[in-house]
Structure formats: structure tokens, C-alpha cells
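One structure below.
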Amino acid sequence: MSLKLGVIGTGAIGRDHIRRCSQTLLNSQVVAVTDINLEQAAKVVAELKLDAEVYADGHALINSPQVEAILVTSWGPSHEEFVLAAIAAGKPVFCEKPLAVTADGCRKIVDAEVAYGKRLVQVGFMRPYDEGYRALKAVIDSGQIGEPLMLHCAHRNPTVGENYKTDMAITDTLIHELDVLRWLLNDDYVSVQVVFPRKSSKALAHLRDPQIVLLETAKGTRIDVEVFVNCQYGYDIQCEVVGETGIAKLPEPSQVQMRSGAKLSNAILMDWKDRFIGAYDVELQAFIDSVRAGQVGGPSAWDGFAAAVAADACIEAQNSEQIVKVSLPQRPHFYG
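The sequence shown: position 129 = 129 (the working numbering), numbered continuously.
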């Protein structure tokens, strides 16, 4: 039997997840949708030719007996409300990042899930499902390069829009590294510092770009992440792990190598959706499969909370340009 899904939020990512669950993945059926703009929700149902009901709001959808699991892909500030409602209804919920817009909000979700007594929440951090990151983690976990001593990382976008602000380099961009690097190293952050190199002439007047985030983990690993969102040349994600006895590097996306016009070249992707589209498929299929098996896995509410705490420290470090401690409470035994 297909898992009957309800989707809250039919913007770009919501529509793409609806398409994915309806047309690409196995054992799922979107039976309910809603959006703050109900006309938009109805339009998506018609365009994708879904046999789905448009609900008046997220709470009506969550409480519908027709819906077995929920995808929350709405506006970020609404996530906390809908995830808490899904937990109260005892229904599994996949929530796109952010889990909540504050660390306090994330902690409320953690506490609600622990009180319920069973994992119901998977957070939409897709990089642990990327083939390259999985291969990199396998090398680290195997011990082939010894213990990780340093990580050199980069998150580069060709350009960003007028609405992109300096703090969004943390909350919208670095947030993916904050999650995936904890997962790669099986470690937590204890301090962070943000430094600003010479500003790019391509950056808008209100935006400080690029910036370098320096992280220290509990085990003593040092991490530097370059965030450069106006690099012009492409969408480029880099991660190099320096171990005691060797170095492991995140594989480049597979591209055809060309010899032409006296040049040897590889194309560079320009869009994040192209870079991680496969990871989105694997991520949501994993959610569907785990729910059908009676459990929820993947990035947890605790992972969402840990990323939010680290992000808050990074923003404080942006403003102070000082080293800031990352104060994460002890992880509940509930999360292993």
C-alpha cells in the first residue's frame, strides 16, 4: 500500500516534492495539499494531475484521517507550528529546513517528540543522502586516513538576489555545512569565529561577501568553511578532510571531460538543484520507506536543534568578530 501524504506549502520546493512523490518515487501518494494561497495549491494539483484534496489550512490537513504522513514545505516561520501539530496528532512529519526559525523553537519540537516517546520527525537536510558525501563518510569511518585533524570546505554560489543579507550566509547557506559536517565527523561544535576577507566588488552594497567560518569540534578537529555567494563561475561545494595518515576529498559531480579548442575542460554546475537533485530523491524515498516500516530515521529534530544552536553562535560571531562558544546541551538518550 502506498503511503498517503499531505503536503503543507506548494511553493517551489513543495511543488517539486509533490512531483517527486507522485511521479518519481515508489510507494507514495499525495492525497492532500494546502498553502497560504489556496489558489496556488489548487493550481499545483491541476498541473500535476493529482487525485488530491485541497485543505483549508495545515491543521485541517494534519488531522485528516486520509493523511498518514506530512511534508512541511511552507514558509520557514510556520514550520514549528505544523511540526508540533503533527507530533500531537502522532503522525510522521518530514520538515524542510529550518525545523524552526529559532533554537528555542527547535528545542520545543525536541521536547514534544521525546514526550511522545517515538521519533516522528525527519529534517530536510539532504546532504547526508548525497552519493559523494556518503562515500567521503565511508572513508572517514573506515580509518583509512586516521583521525580527522582538519577540514577545508567551501560553499560557493554564482550570485544571490537583492534580498540576501549577510546573516543569510549562515541561516540559508552555511546551515547545510553545519549539519553535514557534524554527521561526517560524528562530533559537535564547541566554538566558532567568523572573519571577513576583502569584499568582492560583485557583492551588493549591503552584503559582506565572502566570509570564512572557523569551527572547532569537541574532539579538537578544526574546520574552515569559505562562504562565497557571488563567485560568478558556478555552484561549487568543496570538502577536504585532512587525516593523520592521508587526505580524503569530496568527489566532484560527474561531468563529461572535453578536449576541444586546445583546452581540456569539465563543466561546472550553476544551480544547487542540479547538484543535489539525486540526494532529494534518496532522502524522501528513505522517509517514505522508513514510515512504511513503522519508524523514522535520517536527520532528527535533535540535529535540527544542534544546527540552529551553531547558527546562532555563528551570527553572534559575525557581529562581534570574536570567538564564540557553542553551548549545546547534552543530547537526550532518546536520540541515541
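Glycine included, every Cβ here is placed at the ideal spot set by N, Cα and C.
For residue i, does the three-state DSSP call read helix, strand or coil?
i: Leu264; result: strand
i: Pro77; result: helix
i: Val326; result: coil
i: Ser142; result: helix
i: Ala86; result: helix
i: Ser2; result: coil
i: Pro128; result: helix
i: Cys21; result: helix
i: Cys153; result: strand
i: Val309; result: helix
i: Asp35; result: coil
i: Arg259; result: strand
i: Val229; result: coil
i: Glu162; result: coil
i: Gln29; result: strand
i: Val296; result: coil
i: Lys202; result: coil
i: Ser254; result: coil
i: Leu184; result: helix
i: Asp172; result: helix
i: Asp289; result: helix
i: Lys49; result: coil
i: Asp281; result: helix
i: Gly105; result: helix
So residue i and residue j are supposed to be a Cβ contact under 8 Å. How far apart are they, rounded?
i: Cys314; j: Gln238; result: About 19 Å; that fails the 8 Å criterion.
i: Gly6; j: Ile70; result: 5 Å
i: Ala306; j: Leu99; result: Ala306 to Leu99, Cβ: 10 Å. No contact.
i: Ile268; j: Asp236; result: 6 Å
i: Arg119; j: Gln285; result: At roughly 18 Å, the Cβ-Cβ gap does not stay under 8 Å, so Arg119 and Gln285 are not in contact.
i: Ala218; j: Asp187; result: 6 Å
How many Å lie between residue i and residue j at the Cα?
i: Phe125; j: Lys273; result: 14 Å
i: Asp258; j: Glu252; result: In the sequence on display, residue 258 carries Met and not Asp. Rounded to whole angstroms, Met258 to Glu252 spans 15 Å at the Cα level.
i: Met270; j: Ser290; result: 33 Å
i: Lys202; j: Asp111; result: 44 Å
i: Ala135; j: Lys249; result: 10 Å
i: Ala12; j: Glu244; result: 43 Å
i: Ala138; j: Glu131; result: 11 Å
i: Arg19; j: His176; result: 23 Å
i: Asp167; j: Met1; result: 44 Å
i: Glu162; j: Leu181; result: 29 Å
i: Ala103; j: Val123; result: 14 Å
i: Glu80; j: Gly117; result: 19 Å
i: Ser64; j: Pro329; result: 36 Å
i: Glu39; j: Glu53; result: 13 Å
i: Ser200; j: Gly220; result: 32 Å
i: Val30; j: Cys106; result: 27 Å
Flag this pair as yes or no: are the beta carbons of residue i and residue j separated by less than 8 Å?
i: Glu283; j: Tyr55; result: no
i: Ala310; j: Tyr133; result: no
i: Leu184; j: Val225; result: no
i: Val337; j: Leu178; result: Residue coverage of the chain in this structure runs from 1 to 336, which leaves residue 337 outside it and unanswerable.
i: Ala32; j: Leu3; result: no
i: Asp57; j: Thr73; result: no
i: Val195; j: Glu321; result: yes
i: Val121; j: Val83; result: yes
i: Ile170; j: Gln318; result: yes
i: Leu50; j: Ser28; result: no
i: Arg222; j: Glu216; result: yes
i: His206; j: Lys263; result: no
i: Asp281; j: Thr24; result: yes
i: Gln193; j: Ile323; result: yes
i: Arg156; j: Phe94; result: no
i: Gln232; j: Pro158; result: yes
i: Val101; j: Gly76; result: yes
i: Glu113; j: Ile140; result: no
i: Gly298; j: Phe287; result: yes
i: Ser191; j: Lys325; result: yes
i: His59; j: Ala85; result: yes
i: Glu240; j: Leu151; result: yes
In terms of DSSP beta bridges, what is residue i paired with?
i: Leu99; result: Paired residues: none, contrary to the question.
i: Ala69; result: Leu5
i: Gln249; result: It is worth fixing the name first, because residue 249 is Lys in this sequence and not Gln. Glu240, per the DSSP bridge assignment.
i: Val192; result: Leu215, Val324
i: Arg222; result: Met150, Glu216
i: Phe94; result: Leu71, Gln122
i: Thr54; result: Residue 54 is actually Val in this sequence, not Thr. In DSSP, Val54 forms a bridge with Val33.
Return no unless some Cβ of chain B is closer than 8 Å to the Cβ of residue i.
i: Pro92; result: Here there is only one protein chain, and chain B is not present.
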